[in-house]
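Report on one structure; see the data block that follows.
Chains as they are written, first to last, in my numbering: chain A, 1 to 266; chain B, 1001 to 1375.
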């Protein structure tokens, strides 16, 4: 005899409803990317795939998206390389101002974005720098760097120093030890740090708003477009980014589970 | 890179090595010579500086003062990757992102020698693991990992192989088996082995020469039998096996024998087996060299006799029993007696006398810790 258990039904229902709630805006965006709209994309006017085929008809959407990619890729590259080096230095070496550096790195995580954005804008004004892509990239490196350092640091801390010593003992110069031992072992941490940095940079609005001047990034474009009606092409870009990200996540998960199975069956 | 790789081991010489860390001296003025092809053990309790010494030889630490010579060549300022020395690390330090085969081939690849994989495969065959070449290290058991670490070091044919407590993480049975294998491999390849351990049995079992290290310096060095038979300091007497130690003023010393007055009892040792023959000295004897008697033995100048005392504790250790005897005015004495007949030989609480041959006594150069204050 099976006993009636409330949890058996309640929990799955609750989880289902939560996911539904989370997915509704994404689903809405996705569905309306197929809307055959004229000006505003609020009322459903019929199905079309024209928006997907001719995304760049709405020139602003594409250039804003392009800017976002340029900013996110540059900021990710710079902050990942720099952040990895900082993380290794902070864990492995004892130097003056080490704890001060640690503290400073936490500041951007704790500072409200408005404050950081405004502060950076004031700095650029002070230096007399023209606001544009470069200032946005610099600003994004600033706030993604801390996330990279924190993520990579956790990985470095679990890396046994004896492994690097073994490399040195086995005729590898410090450079070779880094590329053959340290880097491959840190790679998962570095990759997840890079992904985090990319995601943070790509959808940042507040700091970008303060430091971009006339340059439009995708979030900034969507924000300004919202006043006069967001074009369906923006929905297309948003949906595409979501789909690509999901595909990557699922692919990584599947690969990991295949690897696990292979390990177990050996 | 100009690394000399030799078919056989080279001798290692440490000259006045000193290593200071902030706040303490880890190794103090250490002199050591290990002849080529020898299995040498550096034995000591944790914190005695033995691992620091090993790391300095590997190049992972640099000495504050002193010189390290390998095959007569000064390697003190060489980087670890420039030294023809390889290490088997305490926790093996196998690269988790590489297969077992790639781990073993690592050193050969770095030196850009021919056929790294073939050589690695041969090294794995030597430790009987060739069938696991494609596995990742974390898929192996502790004993297998240990053998991979050994193959990874040996494949390079280093002039000197350093072993940093390589058997510490293994269980007793596996450890005994690995000790035998390690010794066999060393004899086969003829390399110089420097083995660091805190396990006295392991050191005595495998090494040709044992150096007992304490607080940054070497207390005594020699063949295991010599070290055990005639420890020269109280530390060695206690660290290497067990000892009964008696402290007293020398009452009589001639060419043959030296005697002390130990709480009114006379204890004698051979003068040639005494480090000191005047003042207050310590004389010791191994528990298995002492015997007990149920009746008082006849006085004999060749025997030290103490007693009577009472058996206060009997411990069964398999092949022998360990008896604790409390003799009034003398203190506790430990006696080992083999269980060849009935066991135990005497009952708890029995009154017995203890004796040992004068020639089995050893006179120490120093007094056990705390002896000066209490007596």
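Beta carbons: idealized from backbone N, C-alpha and C, even for Gly.
Under the DSSP definition of a beta bridge, residue 1315 of chain B partners with B:1322. Beta-bridge analysis with DSSP links residue 1356 of chain B to B:1304. Taking a Cβ-Cβ threshold of 7 Å, the residues of chain B close to residue 181 of chain A are 1095, in chain order. In the DSSP assignment, residue 1221 of chain B falls outside any alpha helix (DSSP H) and within the unbroken beta strand (DSSP E) covering 1217-1222. Proximity of chain A to residue 1081 of chain B at the Cβ level (cut-off 9 Å) is accounted for by 167, 168, 169, 170, 171, 172, 173, 174, 176, 177, in chain order. Residue 126 of chain A counts as exposed, since fewer than 16 other C-beta atoms from the protein chains shown sit within 10 angstroms of its C-beta. For the stretch 1054-1067 of chain B, the residues whose beta carbon sits under 7 Å from a beta carbon of chain A are, in order, 1058, 1060. Interface flag for residue 1089 of chain B against chain A is set, since a Cβ pair is found closer than 9 Å. Looking at the DSSP output, residue 1244 of chain B bridges to B:1285.
Secondary structure at residue 1229 of chain B: helix, using DSSP grouped into helix, strand and coil. Taking the beta carbon of residue 162 of chain A as reference, the chain B residues within 8 Å of it are 1089, 1090, 1091, 1093, listed in sequence order. Following the DSSP letters along the chain, one finds residue 1180 of chain B inside the alpha helix (DSSP H) bounded by residues 1172-1189. Cβ-Cβ separation between residue 153 of chain A and residue 167 of chain A: approximately 21 Å, too far for a contact (criterion under 8 Å).
The alpha-carbon of residue 1137 of chain B is positioned some 42 Å away from that of residue 22 of chain A. C-alpha of residue 1305 of chain B to C-alpha of residue 1368 of chain B: approximately 22 Å in a straight line.
Around the Cβ of residue 1050 of chain B, a 10 Å sphere holds 16 or more other Cβ atoms; the residue is buried.
Nearest CB-CB separation between residue 185 of chain A and chain B: below the 9 Å threshold.
Nearest CB-CB separation between residue 1085 of chain B and chain A: below the 9 Å threshold. The beta-carbon distance between residue 1058 of chain B and residue 169 of chain A, rounded to whole angstroms, is 6 Å. This is short enough to meet the 8 Å contact definition. Residue pairing from DSSP places residue 1257 of chain B in a beta bridge opposite B:1270. The CB of residue 1107 of chain B comes closer than 7 Å to the CB of 170, 171 in chain A, given here in chain order. By the C-beta criterion, the stretch 1357-1366 of chain B is judged not to be in contact with the stretch 1315-1326 of chain B, since fewer than 3 inter-stretch pairs fall below 8 Å.
Assigned with DSSP and collapsed to three states, residue 1334 of chain B falls in strand. A straight line joining the alpha-carbon of residue 1180 of chain B with that of residue 1174 of chain B spans about 10 Å. DSSP links residue 1262 of chain B through a beta bridge to B:1265. From the beta-carbon of residue 1110 of chain B, the residues of chain A found nearer than 7 Å are 170, 171, 172, 176.
Following the DSSP letters along the chain, one finds residue 1020 of chain B inside the beta strand (DSSP E) bounded by residues 1012-1021. Inclusion of residue 1198 of chain B and residue 1165 of chain B in the CB contact set at 9 Å is warranted, their separation being smaller than that value.
In this structure, the alpha-carbon of residue 144 of chain A lies about 7 Å from that of residue 200 of chain A.
Against chain A, the CB of residue 1157 of chain B has no partner CB under 9 Å away; the residue lies outside that interface.
By the neighbour-count criterion, in which 16 or more other beta carbons inside 10 Å mark a residue as buried, residue 1092 of chain B falls on the buried side.
The C-alpha of residue 101 of chain A lies about 19 Å from the C-alpha of residue 120 of chain A. According to DSSP, residue 131 of chain A shares a beta bridge with no other residue. Nearest CB-CB separation between residue 1273 of chain B and chain A: not below the 9 Å threshold. Look at residue 1286 of chain B: its C-beta is not under 9 Å from any C-beta on chain A. Per DSSP, the continuous alpha helix (DSSP H) segment holding residue 61 of chain A begins and ends at 59-92.
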